[in-house]
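Asker:
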Amino acid sequence: MSTQTLSAPAQSPARAQAFALGVCWQGVCRDLFPLSVGLTFVLAGVKAALLPYHVDTVGEFVRWVLRWGIVCADDVAFVALLAVACAGISLVAGRWKWSRRIWRPTMFLAFYGSGVFAVFSYGFYQVMLQPFTIRLMTLVGDGGWALSSSIAPYLTAPMVTALVLAPLVPLALSAIGRWSALMKRGAPVGLRGVVLCTGLVVVYCGVAHGYRAARWPEPRRWENRIAINPHLELLTSCIEELTDSDSWTVLNAGDYDMSDFTSRERPADAQPALNLPGWELAGPRPKNVVIFYLESIAAEYMSLYGNTEPTTPNLDRIVPEKGIMFDNFYISSPYSCKAIVALLAAVYDRLDWKLIVSNPERFDVPLISEVLKQHGFRTCFAHAGYFSWRGRDKFLRPRGCDMMLDAQNIPAEHISSWGVGDVPMMQATLDWIDADKDKPFFALVYTLETHHPYATPHEPFDFKVKDPDLKNYMNGLRATDERIAWYMQELEKRGILDDTLIVILGDNGESFGQHNQRMHNFCLYQSNVHVPLIMIHPSLLNQKRRQTGPREQIDVSPTILDILDIPSPPVWQGRNAFRRDDGRPTYFFCIGNYVILGLRDRDWKYHFYVNDGSEELFDLAADPGENDNLAEKHPDRCRDYRRRVAGWAKYQREFLEKHGSESTNTLTRAAN
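Here is the structure:
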């Protein structure tokens, strides 16, 4: 098509329409060319900021530029797709004057909004090291208000300035272009130019993707993660959410092994494990139970578990004298709303994005609080945060809960938007105990101060770490250690410490850059799922003080009931944590931006990424940092583990269909 300006209307209706389209084409090119260049500039700038490489020489700078060009390919493709879509709509809208008036500002708004989201994605990457998706909003649910304290520290003056000004670049270039003499003479590109530009984009993106596939084959490599265009990723996640089309390919293969779970099923008259030969207790059983459920505590940060910094000096002293610690304890999922089901109901939650706590009506598995209440215990759930987040209060309150204490009814100053300090929450539970301390009680004491943004009134300790978030977190951990010791002293003052089983465990782990991860809900590395488990009571002191076999979160409640000599519900999937090692793996999963299924089998740890079928296999004895993926070297072992996690997914789907999970869900459809 010619790029000359059309100056006179045609005489016939057909030629008049062609003339109108030509004028429209000129207007489209005048707008879209500078808009596309400007948006590309913004997206490329974001990727440049996210690509931190040390550059001292010309050669290093050239390599950095080449990497930059490779990671920008998806962004260029997005801009091209947006421009083509806008051009097509513009040609249709250009037929009528009223539609042109509506569409043109809408097109400018689309480019401006894309620029805003690009800058936002930079901040999100910096904090989460993950692309933003609708799945993450699903995990937050209706409790987004609680995020304000976690977001505020990152809304710095430079970030706010970039959010306001950077998206204006496409609009500014468009304005400059329309005023320029070049643009006034005619459209910058004709149809041939559009075809040529499209071909160049296709070739460029093909070369970049080919290079990434050949040189960066690891899908979770940092460069591959930031190479994802955030707009396309968000759009894809929205489509998946609307269609509910989760890629449970592991279930479609039909090759699975459920033996690890079918062999766990117990008859209704099963005997408590500690009543069997060899499991006798050292003294009188406890009367009471207190579970310290520690927010975001990975074992690797505790000096009790080998950290070189003195983060848990009180537990370092107390546990070797009075307690039992489990060296290889795993949560079922690094997401608190799923983990709390595994802890209290001793079964795994759904292996998808839906939550039992948000839809508990048909879930008929009893919680430990219900069992203990039937045996004469008072029960209390206490949290320095909000149980109302994702409906956990509606899940817990009708299930044997006598008292629920949280940030909503504890009269204390908030330390963040997430809730109040741990001390007033703990004191509230002590006041509840004092109201009738002669009656057996069960209390879940759920801390908060080690949750992002790691706000704690504890005076900072000079830990030798550079990351300010990690330093604040470790100070929160040290404060938690002091408060557990104080709480135990308060029980001792009341004369009930030796009558009380103390259980200490993390609700999930936390990452601070390991494997390019932050927070806790995105992967299954040790920092995400390996948490502490400690049990303190005189009756346990004849047990081995350090339990080394892998154990899992669903084992906690059965163990507590066995220690109390109370039979566990046969429907529970967990087993006594003091059992002899039977060689069966422990299982865990996560639901960040994608589903990952995993297991720990002695020293082997396996991860299966459901979305793309990739695998990771680590020998933790030789590689505790999980840096050497051995999946390609051990295909037979991976095949066996893949069958096992597939069997787990199938078994759990069928189990939850029987015990209250919705029958029409993503697992069911994928399996069928």
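With the numbering used here, you'll find the sequence shown wraps up at 2009, consecutive numbering, no jumps.
Note that the Cβ used here is the ideal one computed from N, Cα and C, for glycine as well.
#1: Rounded to a whole number of angstroms, what is the C-alpha to C-alpha distance between V1360 and G1375?
#2: Assuming C1717 is part of the beta strand (DSSP E), what are its boundary residues?
#3: In three-state terms, what does DSSP make of H1568?
#4: Can you tell me whether L1428 is buried or exposed? The criterion is at least 16 other CB atoms within 10 Å of its CB, across all chains shown.
#5: Out of I1426, S1633, D1594 and I1897, which one is the CA nearest neighbour of R1921?
#6: Mind checking whether D1597 and R1831 have CB atoms under 8 Å apart?
#7: From which residue to which residue does the beta strand (DSSP E) around T1923 run?
#8: So is R1549 buried or exposed if we call it buried at 16+ other beta carbons inside 10 Å?
#9: Nearest-angstrom Cα distance between A1914 and Y1924?
#10: Helix or strand or just coil, what does DSSP make of E1991?
#11: What does the alpha-carbon distance come out to for the pair P1495 and P1389?
#12: Give the range of the beta strand (DSSP E) segment to which S1816 is assigned.
#13: Identify, in the order they occur along the chain, each residue of the same chain with its Cβ nearer than 8 Å to the Cβ of Y1449, setting aside the five sequence neighbours on each side.
#14: Return the first residue and the last residue of the alpha helix (DSSP H) that D1899 is part of.
#15: When the Cα atoms are used, what is the spatial distance from H1712 to F1779?
#16: Quick check: what's the CA-CA separation for V1893 versus C1542?
#17: With distance defined between alpha-carbon atoms, name the residue in T1837, D1919, K1995 and L1680 nearest to R1699.
#18: D1918 to G1886, Cα distance in whole Å?
#19: Report yes if the C-beta distance between T1837 and D1759 is below 8 Å; otherwise report no.
#20: Apart from the five residues on each side of it in sequence, which residues of its chain come closer than 7 Å, Cβ to Cβ, to E1991?
#21: Is the separation between the beta-carbon of F1714 and that of M1741 shorter than 8 Å?
#22: Is I1576 buried or exposed, if buried means 16 or more other CB atoms sit within 10 Å of its CB?
#23: Return the CA-CA distance between R1815 and P1650, expressed in angstroms with no decimal places.
#24: Could you tell me which uninterrupted alpha helix (DSSP H) segments, each at least 4 residues in length, are contained entirely in the segment 1606-1681, listed from first to last along the chain?
#25: Going by DSSP, which residues form a beta bridge with K1942?
#26: Quickly, what does DSSP pair T1837 with across the bridge? List them, please.
#27: Apply the 10 Å Cβ neighbour rule to N1566 and answer buried if 16 or more other Cβ atoms are within range, or exposed otherwise.
#28: Is M1662 closer than 8 Å to I1891 when the C-beta atoms are compared?
#29: From V1532, P1875, D1799 and E1560, pick the residue whose C-alpha is nearest to that of A1545; which is it?
#30: With a cut-off of 8 Å on the beta carbons, I'd call L1592 and A1983 a contact; round off their distance for me.
#31: How about D1664 and Q1884: do their beta carbons lie closer than 8 Å?
#32: Could you round the C-beta distance between T1443 and E1570 to whole angstroms and report it? I think they count as a contact, below 8 Å.
#33: When the Cα atoms are used, what is the spatial distance from E1963 to N1746?
#34: DSSP three-state label for H1874, please.
#35: Just list the alpha helix (DSSP H) runs in the segment 1694-1766, keeping only unbroken ones of 4 residues or longer that don't cross its boundaries, in chain order.
#36: For V1932, list the residues DSSP reports as bridge partners.
Answerer: Taking the coordinates as given:
#1: In this predicted model, V1360 has a pLDDT of only 47, less than 50, meaning its place in the structure is not dependable enough to derive any value.
#2: R1715 to H1720
#3: helix
#4: exposed
#5: R1921 has its Cα closest to that of D1594, out of I1426, S1633, D1594 and I1897.
#6: no
#7: T1923 to I1928
#8: Residue environment analysis places R1549 among the buried positions, since at least 16 neighbouring C-beta atoms fall within 10 angstroms of its C-beta.
#9: Separation of A1914 and Y1924 (C-alpha to C-alpha, rounded to the nearest whole angstrom) is 14 Å.
#10: helix
#11: Those two C-alpha atoms are separated by around 18 Å.
#12: It should be noted that the sequence gives Ala, not Ser, for residue 1816. Here A1816 belongs to no beta strand (DSSP E); instead the alpha helix (DSSP H) covers P1805 to K1830.
#13: P1504, L1505, P1507 and L1508.
#14: V1893 to L1901
#15: 11 Å
#16: A straight-line Cα-Cα distance of about 51 Å links V1893 and C1542.
#17: K1995
#18: When rounded, the distance between both Cα atoms is 6 Å.
#19: no
#20: none
#21: no
#22: Exposed, by the Cβ-count rule.
#23: 8 Å
#24: 1650-1659
#25: BP columns for K1942 point to R1937 and F1955.
#26: N1625
#27: buried
#28: no
#29: E1560
#30: Per the sequence presented here, residue 1592 reads as Asp, with Leu not at that position. Rounded, the Cβ-Cβ distance is 7 Å, consistent with contact.
#31: yes
#32: Not a contact, Cβ separation roughly 23 Å.
#33: 43 Å
#34: coil
#35: Counting only runs of 4 or more, we get 1705-1711 and 1729-1733.
#36: I1928
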